[in-house]
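Visitor: Numbering (UniProt numbering), first residue to last: 1 to 458. All C-beta atoms in this analysis are idealised placements derived from N, C-alpha and C, irrespective of residue type, glycine included.
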Amino acid sequence: MSPLRWTTKSTRRLASELTRAGHRVSADTVAGLLREEGFSLQGNAKTIGGAQHPDRDAQFRYINERAKEFQAVGNPVVSVDTKKKELVGNYKNAGLEWHRAGDPVRVRTHDFPDAELGKAIPYGIYDLTADTGWVSVGTDHDTAAFAVSSVRRWWHAAGRTAYPHARRLLITADAGGSNGYRTRAWKFELAALAVETGTEITVCHFPPGTSKWNRIEHRLFSHIAMNWRGRPLTSHDVIVNSIAATTTRTGLTTRAELDTAFYATGVRISDGQLKALPLDVHDWHGEWNYTLRPEEHRRDGIPPIPPQHEPGPGRVWLTHTPPSPASRRSNGTCWSPSWRWPAQPSGKKTSPSGEAATDTKIPAAGLYTGRRPGLTLVDRLLATILYQRFKLPQIVITPLFAVTPVTLNRAISQTRRLLHDIGHTIEPSSTHLAILVELTSLATHLSIPTPEIKTASY
Numbered sequence: 001m002s003p004l005r006w007t008t009k010s011t012r013r014l015a016s017e018l019t020r021a022g023h024r025v026s027a028d029t030v031a032g033l034l035r036e037e038g039f040s041l042q043g044n045a046k047t048i049g050g051a052q053h054p055d056r057d058a059q060f061r062y063i064n065e066r067a068k069e070f071q072a073v074g075n076p077v078v079s080v081d082t083k084k085k086e087l088v089g090n091y092k093n094a095g096l097e098w099h100r101a102g103d104p105v106r107v108r109t110h111d112f113p114d115a116e117l118g119k120a121i122p123y124g125i126y127d128l129t130a131d132t133g134w135v136s137v138g139t140d141h142d143t144a145a146f147a148v149s150s151v152r153r154w155w156h157a158a159g160r161t162a163y164p165h166a167r168r169l170l171i172t173a174d175a176g177g178s179n180g181y182r183t184r185a186w187k188f189e190l191a192a193l194a195v196e197t198g199t200e201i202t203v204c205h206f207p208p209g210t211s212k213w214n215r216i217e218h219r220l221f222s223h224i225a226m227n228w229r230g231r232p233l234t235s236h237d238v239i240v241n242s243i244a245a246t247t248t249r250t251g252l253t254t255r256a257e258l259d260t261a262f263y264a265t266g267v268r269i270s271d272g273q274l275k276a277l278p279l280d281v282h283d284w285h286g287e288w289n290y291t292l293r294p295e296e297h298r299r300d301g302i303p304p305i306p307p308q309h310e311p312g313p314g315r316v317w318l319t320h321t322p323p324s325p326a327s328r329r330s331n332g333t334c335w336s337p338s339w340r341w342p343a344q345p346s347g348k349k350t351s352p353s354g355e356a357a358t359d360t361k362i363p364a365a366g367l368y369t370g371r372r373p374g375l376t377l378v379d380r381l382l383a384t385i386l387y388q389r390f391k392l393p394q395i396v397i398t399p400l401f402a403v404t405p406v407t408l409n410r411a412i413s414q415t416r417r418l419l420h421d422i423g424h425t426i427e428p429s430s431t432h433l434a435i436l437v438e439l440t441s442l443a444t445h446l447s448i449p450t451p452e453i454k455t456a457s458y
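(1) Can you give the Cα-Cα distance for residue 19 and residue 43, rounded to whole angstroms?
(2) Indicate the three-state DSSP secondary structure (helix, strand or coil) for residue 170 in the structure shown.
(3) Taking C-beta to C-beta, are residue 88 and residue 119 nearer than 8 Å?
(4) With distances taken Cα to Cα, identify the nearest neighbour of residue 433 among 394, 426, 403 and 415.
(5) Measuring CB to CB, does residue 252 end up less than 8 Å from residue 202?
(6) Buried or exposed: where does residue 110 fall if 16 or more other Cβ atoms within 10 Å of its Cβ makes it buried?
(7) So, residue 121 versus residue 137, is the Cβ gap smaller than 8 Å?
(8) Given residue 80, which residues of its chain have a CB within under 8 Å of its CB, disregarding the five upstream and five downstream residues?
(9) In chain order, what residues of the same chain lie with their CB nearer than 6 Å to the CB of residue 163, ignoring the 5 residues before and after it?
(10) Taking 7 Å as the limit between beta carbons, can you name the residues of its chain near residue 258, skipping five residues before and five after?
(11) Once the 5 residues before and after residue 233 are set aside, which same chain residues still bring their CB inside 8 Å of it?
(12) Using only the alpha-carbon positions, how far apart do residue 392 and residue 256 sit?
(13) What span of residues does the beta strand (DSSP E) with residue 256 cover, start to end?
(14) Taking the beta carbon of residue 140 as the centre, do at least 16 other beta carbons fall within 10 Å, making it buried, or is it exposed?
(15) Between 188, 292, 398 and 212, which lies nearest to residue 273 when the distance is taken from Cα to Cα?
(16) Suppose contacts are defined by Cβ-Cβ distances below 8 Å. Is residue 376 in contact with residue 415 by that definition?
(17) Helix, strand or coil for residue 159? Go by DSSP, reduced to three states.
(18) Any chance you could list the beta strand (DSSP E) runs of at least 3 consecutive residues sitting entirely within the region 69 to 113, in chain order?
(19) Taking only the alpha-carbon atoms, compute the straight-line gap between residue 67 and residue 103 and give it to the nearest angstrom.
(20) Decide if residue 167 is buried, meaning its Cβ has at least 16 other Cβ atoms within 10 Å, or exposed.
(21) Along the alpha helix (DSSP H) that carries residue 134, what are the first and last residues, could you check?
(22) In angstroms with no decimal places, state the Cα-to-Cα distance between residue 114 and residue 218.
(23) Using a Cβ-Cβ cutoff of less than 6 Å, which residues in the same chain neighbour residue 117 once the five nearest sequence positions on both sides are dropped?
(24) Counting C-beta neighbours from all protein chains within 10 Å, is the total for residue 412 16 or more, i.e. buried, or is it exposed?
(25) In three-state DSSP terms, what is residue 439?
(26) Within the same chain, show all residues whose beta-carbon is closer than 7 Å to that of residue 444, passing over the 5 residues directly before and after it, in chain order.
(27) For the beta strand (DSSP E) containing residue 471, name the first residue and the last one.
(28) Any idea what DSSP makes of residue 281, helix, strand or coil?
(29) From residue 14 to residue 30, what distance separates their C-alpha atoms?
(30) Tell me the rounded alpha-carbon separation between residue 246 and residue 254.
(31) What did DSSP end up calling residue 123 once you bin it into helix, strand or coil?
(32) Identify which residue in 143, 291 and 157 has its Cα closest to the Cα of residue 132.
(33) Here's a check: name, in chain order, each residue in its chain whose Cβ is nearer than 7 Å to the Cβ of residue 33, leaving out the five neighbours to either side.
(34) In the DSSP assignment, find the alpha helix (DSSP H) that holds residue 387 and state where it starts and stops.
(35) Among 396, 407 and 390, which one has its Cα closest to the Cα of residue 380?
(36) Would you check if the region 185 to 200 and the region 288 to 295 touch, i.e. whether three or more CB-CB distances between them fall below 8 Å?
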């Protein structure tokens, strides 16, 4: 047996041990004696910080001066950060809500992530002057591209309207994470945003180990947490709507948007690309404080924009036409030429009833958009056909398109709405498939060459 022993050190246990030692005493007496001696039950106290940088206080003063300088002339000052990732699904969420006694909301007993719903990644932008918040809810990875894409969304949706004459933007951010001062991709993506908006972007990082002093933590994230306390975050829509409903008596308003883009991890920025950035470091701690000028610069290493009316790499075989007309008629497969996107899709679409349908946005991709090119329009249609016609589970289809299950789910949902708006219905096939091997076998039967499919999960 192990020599290691554990004890709860409860008053009952202490009384028992004292009795065995010849001092007969009750648990209540032990508790009273402990209180008389100044003891009480206490939890751990988080009071021991890490190593403090000698210039940490001076850096806070520097940030304060820059913020005053920007606000004095009407330029925006924002605080940014990533909120804690949240599990999406019927999981326990800390906090209490009013319900009838004995009738709480039932949630799952274990917090294992749902393979299809995944996690939500809220990235916030808090406007210090206007007391407004913006949150992009990501579904993929917390990368520098995602962080800057969130700032971009805020700027186009709210920032440039609130500050129509602004030529400079001050961003205050933590020292680490996707927007850390050591993250090259953060600077690289910000340089792209500066060129796109024609705005000079200044960044001031908080000293290491001081993230709890970031204004967004206390002015935005804390109120979001209070607003959805005790409420299971069962879907991305619930998360977005809960964030957007966050207000305070002092005037805080919040906007939120879902970002279903795919953000690649492991993106490397070369020394040459970094040196080519129009970046001016400040005299005071240039590693923490720097400005990106809105100037054209070296742009190599950016993924090209994929043609939206062509399938993505490795997916052309899904668009092949079977050589045998009889095969096409008998199988009704996704390789049939009967389905196509409209020749020239427009922003406005008309439903079968003649009413204007909701606009469908084609996600931007490629140079300086903050995201890696993802699914083309044809990819989205192919995924929808495989799911609706052959009943292939979405989790099975995912490896074909190299995206996360959440991204694929969103793409299929959007495509189904679009097809409904234009009056097109995908008829189910009599052939139902369960795994990718069955799909490739069907393609082989139709004399369509198939590539090797990687089955790695996302």
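Guide: Based on what the coordinates show:
(1) Walking along the sequence shown from the start, residue 19 turns up at place 19. Walking along the sequence shown from the start, residue 43 turns up at place 43. Taking the straight line from one Cα to the other gives about 28 Å.
(2) Position 170 of the sequence shown, counted from the first residue, corresponds to residue 170. Strand at residue 170.
(3) The residue given as residue 88 occupies position 88 in the sequence shown. The residue given as residue 119 occupies position 119 in the sequence shown. Yes. Within cutoff.
(4) Mapped onto the sequence shown, residue 433 falls at position 433. Comparing Cα-Cα distances from residue 433 to each of 394, 426, 403 and 415, the minimum goes to 394.
(5) Reading the sequence shown from its first residue, position 252 is the one you call residue 252. Reading the sequence shown from its first residue, position 202 is the one you call residue 202. No.
(6) To locate residue 110, count along the sequence shown from 1; it is residue 110. Burial call: exposed.
(7) Residue mapping note: residue 121 aligns to position 121 of the sequence shown, counting from 1. Residue mapping note: residue 137 aligns to position 137 of the sequence shown, counting from 1. Cβ atoms of residue 121 and residue 137: closer than 8 Å.
(8) Looking up residue 80 in the sequence shown gives position 80. The residues are 123, 124, 125, 126, 147, 150, 151, 171, 172, 173, 179 and 216.
(9) Here residue 163 corresponds to residue number 163 of the sequence shown, with the count starting at 1. If we look at residue 163 and ignore the five residues flanking it on each side, its Cβ neighbours are 76.
(10) Start at 1 with the first residue of the sequence shown, and residue 258 comes out as number 258. Here the set comprises 137, 236 and 240.
(11) For this step, residue 233 is matched to residue 233 along the sequence shown. Cβ neighbours of residue 233 beyond the five flanking positions: 86, 87, 88, 89, 91, 93, 120, 239 and 242.
(12) Your numbering for residue 392 matches position 392 in the sequence shown. Your numbering for residue 256 matches position 256 in the sequence shown. Distance between the alpha carbons of residue 392 and residue 256 is about 32 Å.
(13) If you number the sequence shown from 1, residue 256 lands on position 256. 253 to 259 is the extent of the beta strand (DSSP E) around residue 256.
(14) As a first step, residue 140 must be located in the sequence shown, where it is residue number 140. Counting Cβ neighbours within 10 Å, residue 140 comes out buried, since at least 16 surround it.
(15) The residue given as residue 273 occupies position 273 in the sequence shown. Out of 188, 292, 398 and 212, 188 has the C-alpha closest to the C-alpha of residue 273.
(16) Looking up residue 376 in the sequence shown gives position 376. Looking up residue 415 in the sequence shown gives position 415. Not a contact, by the Cβ cut-off of 8 Å.
(17) Against the sequence shown, residue 159 aligns to sequence position 159. Reduced to three states, the DSSP call for residue 159 is helix.
(18) 77 to 82
(19) If you number the sequence shown from 1, residue 67 lands on position 67. If you number the sequence shown from 1, residue 103 lands on position 103. Distance between the alpha carbons of residue 67 and residue 103 is about 49 Å.
(20) One-based indexing of the sequence shown puts residue 167 at position 167. It is exposed - the Cβ of residue 167 has fewer than 16 other Cβ atoms within 10 Å.
(21) The residue labelled residue 134 in the question sits at position 134 within the sequence shown. Here residue 134 belongs to no alpha helix (DSSP H); instead the beta strand (DSSP E) covers 132 to 138.
(22) Your numbering for residue 114 matches position 114 in the sequence shown. Your numbering for residue 218 matches position 218 in the sequence shown. Taking the straight line from one Cα to the other gives about 30 Å.
(23) Position 117 of the sequence shown holds residue 117. Answer for residue 117: 88 and 89, listed in chain order.
(24) To locate residue 412, count along the sequence shown from 1; it is residue 412. Looking at its Cβ environment, which holds 16 or more other Cβ atoms inside 10 Å, residue 412 is buried.
(25) In the sequence shown, residue 439 corresponds to position 439, counting from 1. The answer is helix: DSSP assigns residue 439 an H, G or I state.
(26) As a first step, residue 444 is located in the sequence shown; it is residue number 444 there, counting from the start. Answer for residue 444: 450, listed in chain order.
(27) Since the displayed the chain opens at 1 and closes at 458, residue 471 lies outside it and no answer follows.
(28) As a first step, residue 281 must be located in the sequence shown, where it is residue number 281. In this structure, residue 281 counts as strand in the three-state DSSP scheme.
(29) For the purposes of this step, residue 14 is taken as the residue at position 14 of the sequence shown. For the purposes of this step, residue 30 is taken as the residue at position 30 of the sequence shown. Rounded to the nearest angstrom, the two C-alpha atoms are 7 Å apart.
(30) Walking along the sequence shown from the start, residue 246 turns up at place 246. Walking along the sequence shown from the start, residue 254 turns up at place 254. Going from the Cα of residue 246 to the Cα of residue 254 covers about 6 Å.
(31) Here residue 123 is taken as the residue at index 123 of the sequence shown, counted from 1. Three-state DSSP puts residue 123 in a strand.
(32) Here residue 132 refers to the residue found at position 132 of the sequence shown. Ranking the options by Cα distance to residue 132, first place goes to 157.
(33) One-based indexing of the sequence shown puts residue 33 at position 33. Excluding sequence neighbours, residue 33 sits near nothing in its chain.
(34) The sequence position of residue 387 within the sequence shown is 387, counting from 1. Unbroken alpha helix (DSSP H) run through residue 387: 377 to 390.
(35) On the sequence shown, residue 380 is found 380 positions in, with the first residue counted as 1. With distances taken between Cα atoms, residue 380 lies closest to 407.
(36) yes
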